[in-house]
Each structure stands twice: as structure tokens, then as C-alpha cells.
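Just so you know, the sequences run in chain order G and R. 328 is the number of the first residue of the first sequence in our numbering; add one for each residue after it. 694 is the number of the first residue of the second sequence in our numbering; add one for each residue after it. Even glycine gets a Cβ: it sits at the ideal position worked out from N, Cα and C. Following: one structure in C-alpha cells, then a few remarks.
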Amino acid sequence: MLGPAHIFGVCGAALVGFGLYGLIASPAPLRKLLAFNLLGSGAFLLFGVAARRGAAAGFPGDPIPQALVITGLVVAFSATGLAVALLVRQFEVSGASTLRSDPPPPADAEA
Amino acid sequence: MPPVASSVAATTPAGLLLVLVVIVPVVGVLPAFVCGGRWLERITALTIALGAGVAAALALAVLHSDGPLVYLLGGWPPPLGVALRGDGLSAVMIAVTALVVCAVGVFARADFHTPAETDEVRAPFAFWILLLGIWGALNAIFVSGDLFTLYVGLELLTFAAVPLVSLDGRADTLAAALRYLLFALVGSVLYLIGAALLYGAYGTLDILLLSTRVHAEPATLVAAALMTVGLLAKTALFPLHLWLPPAHAGAPAAASAVLSALVVKGSFFIVVRLWFDVMPALPGDAAAQLLAALGAGAILFGNVLALRQERLKLLVAYSTVAQIGYLFLMFPLAFSPAHRQLLGGSALTGGMLQAISHATAKAAMFLAAGLMYAALGHDRITGLAGVGRAVPVSLLAFALGGVALMGVPPGGAYVAKELLLHAADETGQWWWALVLQIGGVLTSSYLFLVLVHALGAAPKPIVLRAPIPLARQVAALALALCSLSLGLIYWRAPLPVPRGIVSNPLTASGLWKVLWPVMGGAVVAILLGRWGDRLPRLTSRDDAVAMIAPARRASVALAGTLERADGAFRQWPLAGLSLLLLAIMFGAAMLAAGG
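Now the structure itself:
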């Protein structure tokens, strides 16, 4: 019998899978960032499953994972904000957004 | 460390220091952020002084207490509340972090100074606030007694470290910062998933409680594998190092020093907590061997790539890749087959000593490299001739930092190497002893290369691009000397150096132990280094150069293969796949050991 916890667990696992695929396979940084958010949502759903199953003391719903998820959301939100800021700045400076960051050729004193 | 029943239940007398060491830097950030401008530097200087005082007090308190210091936030004991714990590992790391932050603070005052005619400049404003942020986050990691607090500390650390990479706002450093951030985020989500699995299985994330409850079952082992690999991605252990060289080499010198010396140690520290404190019996020998094998790969690739770099800062950055590998050699050496678990003993002491020696020495090397860059206006290694005459104290700091890393007495790395070699000998794992020795030879090779270039006579007198104040050079030198004198300290519990393991360096065999890596390093450097037109001038005999030419061609070709492999590993898709593959391999190794 599939309970809600199972469905949430499977959804969480699927989101983690999509997110990992996107992070590894798509070359554009913005897509990677969106994939990170999918991945994060999957992880938060897993916390939800842990809460639903009342891991700690056999409560019908354990509140601690929810507190952890809220903290995790704040962290993921700040991460997204920071990454978008870097992306926008990079686009302004160079007119493109890319992850290629080969170090510049050695600066030359004589040049 | 055996769990002490009372340390779960109550706050210890000096426990408040654990809170102070985290909040002093954070409290410093707030007024600095609001006041900004020239106030910023005064507030940061004051905060750094205060924070260093608290760190010293904490280290002394841990030294003089029997067990770890504990502080229960709000008086709530775990599993409901959150505990801060400070043991020997925490105290050592906190003390070294404070030391490096102080030296970098002195060094960076000239670089990140708000000029008199302006109200506020972006780079200094960001630098000082981020420096305090990194410090607070690191201290939070070192005293945290709970896997979720560790996660929060880890994220704070990343968010404070990433902008440091792109302080100058150039397009390539912005790309490096973005790459660092995105890869670090993959790592942190893997860690978070592991935490969710552990909470689901045991109903707590408190380290002490978990250590009594965990047992080998699939959910736990999957969690351990995911968390380990996530942390390795953040530590930039080979082959997950794609973000490190551009990020550490592109940042300003003071920022590189903090990133290389301290930031990667944050996630390394969590790996140590996870493997030694949370689940010493679970990973098993195979997973520990795998971890050290990655370390051996890092030592080989990092050192050879360092030797092949054209720029000094990239050389130092690749040297960090190699030194991170060194840190992971302790895991199989700490594994006791009799107890079937990891035991903190001389191997753990060796690993932690290596970590703090690297922190101080690498900070010194990055600061010194930054000064040489400032003096010359470039950092091409083949163009360093004459820098020894122009900025002698900086070069001395660089050289002493390198010598400390090589493992020359009385440096901390020397004692660390002796301890690890002893542990390898005792557990019969000769292959790790071999890796340690090869690592020492390779480390001395790039130092030899840089010194030969830097001590050469300049074709024309060097005109300094900027005056280099002595205080900045002395800050770098002080860090190098610290690293070199770590071996003189009497290390006792909780990080003991047993008497009789470290051999007397003044005997003939002791001298030989130091000399042969240096000579080996010189040979490797001659065979592999980028010499420009300097190699013929090393010797007065032309036929000597002609004689080694075939050997040099062969070894350069070999190094070229490693360079191409490194280039492939630093491509995002391959790094991502390695990450997944490693997670599977760690999971399989642990399942095999647990089942």
C-alpha cells in the first residue's frame, strides 16, 4: 500500500535525479542554477518524508525536520541570489555568461 | 574519543567561550556593515583583536579541561536542542584560524585601504566584511556539535568565500567564482540529503547521540557516502578540484591566502568529524583506502601540475591541490583492523598537524607571491630573476613556507610526516609510506624551481612597481616561521605526539631523511620544470645539459599527459560524473564492509 510518505519520497528522489542531471549535463550556468533548485527541492521533500514518518519519537508529525527545511530554504534562496548576482555581473562585464574560467595568460611587465 | 555521558547533559563552566568565538566576528560584521567607509577598518581591526583573544582563551580552556567544552543553546539538551562542543581538534583549528586571520589582517591593510579622498570603495568594504564572515563561519564549524549546524556553517563559509574570488570584478574571476559556487552547491545538497537520511533513520543529528545510535544499514551508509562525496567536492580533493586553481589563483593575494589556508579546511574538518566522531566503525577499510587513493592522485597531479605552471600564483594553487591530497592519507592509517574502526591516535594527530602546518605555510606563500607580483607587476616564474634582491624578505617568507611544507625539521609538516610514516609502518601499509615520500620529493621540486629563478641575477635592474612595506613582508614571514616552529611545541592529549616516534633530525640518518627529498626534488625540477633560458646557466658544462636532454624530453612528455588528463578532469561534465561515480564507489565500499 502506497502511503503519502512513499509518494513524497519517490517525488523527492525524482527531483534529485532531474536536478543532478541538469547540473551535470546542461552547459549554461542559469540552467545549472535552476537544476540546483530542483535538487534542493528534492532534498527538502526527503526531510518532509522524515517528518511525516515521525522519526524522532513516534509523533504523528515530527516538527524538527520542518525547522531544518525552513533553514535549508533560506540557505538555498541566498545561494540562488548570490549566483544570480554573479551571473548578472558577469553578463554586464563580458556580455556572456559562461563557466569557462581558464586563467588569463601571464601579465607582462614589459607589455 | 569516548562519549562522555555528562557532556550531553549540561553546559560546562567555560562553555560560553564557544558562543563567543562564533559571535565576536559576526557581531563585528554588523556595525562594520552599517558604518562602512573608514570606520570599517577600525571596527574590523578591533574585532580581529577581540576574536584572537577569545580564540586564545578557548584554546587554553580546552587544554586545561578534562573533557570537551560544551554549551547547550538555550539550555535545551539534544536531541531537542543544539549543542556546541569544543574538543582538542576544535581548539587547534580555532587557534590557527585566528593566527592566519591576524596575519592576513595586517597584510591586507595596504591593499584594502579606503583612500582619504573617498567615502567608501567597494573592494575594501567587501573584503573586510567577508573576512569576518569567513572567520565566524569557520569557528561555527569547529565548535558545532550537530550535523545540521555544520551544514549551516559550511554554507555560510561558501557564501563568504565565493565573492572573495571575484573582488576585482574581472570577467574571468567572476566565472571562477560562479564555477566555485555552483560546484560547492552540488556538494552541499549531497551533504543535506545525507543529513535527511540520517535524521530519518535515527531522529537526531547530534554528533554524540548519533555516534551511539548509528549502525551499518543501507540508509546510513548511503548517507555517509553522499555526505563524504559532497564534502570532498567542497574540499576540492582530486578529481573534484575543477574550481580550485582558477579561484585561488585569480583572487587578490590576501583573499587567496584565506581561501587556500582556511576555507578548504572547513569542509575537510567536517569529513574528519563525520568519519572519526559520528561513525568511526562504519566506513571500513576499503572506503578509507579509496579516500587515500584520491589523496595520492591529488599529490601526483597537483605537484606535477604545479611544476608545469607559468605563473607563480597558479603554482601555489596547484600546490594546494596536492596538499589537500596529503590530508586524506591519514584515513587508512588511522584504521585499526583489530577494532574494525578508525581510531584517533598518532595518524589523526599527524593529519591535523599537516592541516595546520599547511594553513600557516600556504598563507605565507600566497602572501609572499602577492608581494612579488606587486613588486614586479607580473608573476611569470621564468621572469622572477632578481626578485631575491628586490624584495628579499618576501622571497624568504616564500622559501620558508615551502621548506615547512616539504617536511623539514622542526616544521609541523615534518612531525606530521614522521607520525604518518610511523602509522604506515605499524599497520603494514607500505604503499602510503611510499606516497608520503614521493610527495615530499615533489613538494621540494617546485620550491627548487622557483628559488633558482628568483635567486638568479636580473638581466637589468628591477624597478619596483610599488613600494613594498616591511610590515606586509613580515606578516608573511611570521606565518612561515609559525609553520616551521610547530614541531617545537610539545603536543599532548588530545592530539598527542608520542615520544620516540619523531627521530632526532641531528643524527646522520635524520639528516639523510631531510637531504634526500631535497636532492630528489632538484632532479625532478630539472627534468620537469619550465626553465626558459636558465637551465644552461645552472652548470658551466654545456655537455651536461645535452646529456639530460633526452630524459627531460621524456619526462616533459609524461607531464604533458598528466596536464591533458587534468584539463579533462577540470571539465564540468567529467567532474560531475566523477562526483556521482565516487558516491557510488564509497557507497559500495561501505556496504561491502558493513554487510
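Taking only the alpha-carbon atoms, compute the straight-line gap between VAL1143/R and GLN1002/R and give it to the nearest angstrom. Cα-Cα distance, rounded: 11 angstroms.
Own chain residues within Cβ distance below 7 angstroms of VAL714/R, not counting five before or after: The answer, listed in chain order, is VAL747, ALA748, LEU751, ILE787, ASN832, VAL836.
Distance, LEU850/R Cα to LEU885/R Cα: Rounded to the nearest angstrom, the two C-alpha atoms are 15 angstroms apart.
Determine the chain G residues that contact TRP1327/R at a beta-carbon separation under 8 angstroms, and present them in chain order. In the structure as shown, chain R starts at 694 and stops at 1288, and residue 1327/R therefore has no counterpart that could be examined.
Residue burial classification, MET1212/R (beta-carbon count within 10 angstroms, cutoff 16): Exposed, because fewer than 16 other Cβ atoms sit within 10 Å of the Cβ of MET1212/R.
Limits of the unbroken alpha helix (DSSP H) element including PRO722/R: Going by the sequence as given, residue 722/R is Val instead of Pro. Secondary structure note for VAL722/R: its alpha helix (DSSP H) is the uninterrupted segment 709-728.
Quick check: does the Cβ of PRO771/R come within less than 6 angstroms of any heavy atom belonging to the ligand GDP? The ligand content of the structure shown is nil, which means the ligand GDP is not present either.
Tell me whether ALA341/G sits in a helix, a strand or coil according to DSSP, three-state version. Helix.
If you run the structure through DSSP and keep just helix, strand and coil, what is VAL1143/R? In this structure, VAL1143/R counts as helix in the three-state DSSP scheme.
Test: ILE1277/R CB closer than 7 angstroms to a CB of chain G: It does not; no Cβ of chain G falls within 7 angstroms.
For TYR764/R, name the three-state secondary structure that DSSP assigns. Of the three classes helix, strand and coil, the one that applies to TYR764/R here is strand, per DSSP.
By the three-class DSSP mapping on this structure, what secondary structure does SER758/R have? The answer is coil: DSSP assigns SER758/R none of H, G, I, E or B.
List, in chain order, every chain A residue whose beta-carbon is nearer than 7 angstroms to that of GLY344/G. In the structure shown, chain A cannot be found, because the protein chains are G and R.
Exposure label - ALA1048/R; buried when at least 16 CB within 10 Å: So ALA1048/R ends up on the buried side.
Look at the Cβ atom of LEU1064/R, then the Cβ atom of ILE1161/R, and state whether they are nearer than 7 angstroms. Contact flag set, yes.
Curious, which full-length alpha helix (DSSP H) runs of at least 4 residues does the region 1058-1098 of chain R contain? Here the runs fully enclosed are 1080-1083.
Beta-carbon proximity list for PRO432/G, same chain, < 6 angstroms, skipping 5 on both sides: Bear in mind that the predicted position of PRO432/G carries a pLDDT of just 47, short of 50, making it unreliable; the figure below should be weighed with that in mind. Spatial neighbours of PRO432/G in its own chain (CB-CB distance under 6 angstroms, excluding positions within 5 residues in sequence) are not present.
Extent of the continuous beta strand (DSSP E) run through LEU975/R: LEU975/R -> no beta strand (DSSP E), and no H or E assigned at all.
Buried or exposed: where does GLU419/G fall if 16 or more other Cβ atoms within 10 Å of its Cβ makes it buried? Answer is exposed; the Cβ neighbour count stays below 16.
Which whole runs of the alpha helix (DSSP H) in the region 959-1042 of chain R are 4 residues long or more, in chain order? Taken in chain order, the whole alpha helix (DSSP H) runs of length 4 or more contained in the region 959-1042 of chain R are 977-1000, 1005-1020, 1023-1026.
With DSSP collapsed to three states, give me the class of ARG1223/R. DSSP, read as helix, strand or coil, puts ARG1223/R in coil.
Using Cβ-Cβ distances below 7 angstroms, what residues of the region 940-958 of chain R are close to chain G? Result list: ALA942, GLY943.
For ARG380/G, return the contacting residues in chain R, with the cut-off set at a CB-CB distance below 7 angstroms. Within chain R, the residues whose beta carbon sits less than 7 angstroms from that of ARG380/G are GLY893, listed in sequence order.
For LYS1055/R, which of TYR764/R, ILE1017/R, SER1029/R, GLY1043/R has the nearest alpha-carbon? Each of TYR764/R, ILE1017/R, SER1029/R, GLY1043/R was checked against the Cα of LYS1055/R, and the nearest Cα belongs to ILE1017/R.
Taking 7 angstroms as the limit between beta carbons, can you name the residues of its chain near LEU823/R, skipping five residues before and five after? If you ignore the 5 residues before and after LEU823/R, its C-beta comes within less than 7 angstroms of the C-beta of ALA853, PRO856, LEU857, all in its own chain and listed in chain order.
Once you ignore the five residues that flank ASP812/R on each side, which residues in its own chain have a CB closer than 6 angstroms to its CB? Short of 6 angstroms from the beta carbon of ASP812/R, and not among the five residues preceding or following it, lie these beta carbons of its own chain, in chain order: GLY730.
If you follow the alpha helix (DSSP H) that GLY1105/R is part of, which residue opens it and which one closes it? 1105-1120 is the extent of the alpha helix (DSSP H) around GLY1105/R.
What residues match up with LEU777/R in a beta bridge as DSSP calls it? LEU777/R pairs with TYR764/R, SER837/R.
Is the Cβ-Cβ distance between ALA889/R and LEU373/G less than 7 angstroms? Note that the C-beta distance between ALA889/R and LEU373/G is below 7 angstroms.
What did DSSP end up calling ASP899/R once you bin it into helix, strand or coil? Correct three-state label for ASP899/R: strand.
Where does GLU810/R fall in DSSP's three states? It is coil, neither helix nor strand.
GLU910/R versus chain G: which residues are under 9 angstroms apart at the beta carbon? Result: empty, since nearest Cβ-Cβ is about 14 angstroms, beyond 9 angstroms.
DSSP on VAL1156/R, reduced to helix/strand/coil? In the structure shown, VAL1156/R sits in coil (DSSP, three-state: anything other than H, G, I, E or B).
Cα-Cα separation, THR704/R to GLY339/G: Approximately 38 angstroms, taken between the alpha carbons.
If we cut at 7 angstroms on Cβ distances, does SER368/G have a partner in chain R? Judged by the 7 angstroms Cβ criterion, SER368/G is not in contact with chain R.
Tell me whether the beta-carbon of LEU1026/R lies closer than 7 angstroms to the beta-carbon of ALA1040/R. If you check the CB distance, LEU1026/R and ALA1040/R come in under 7 angstroms.
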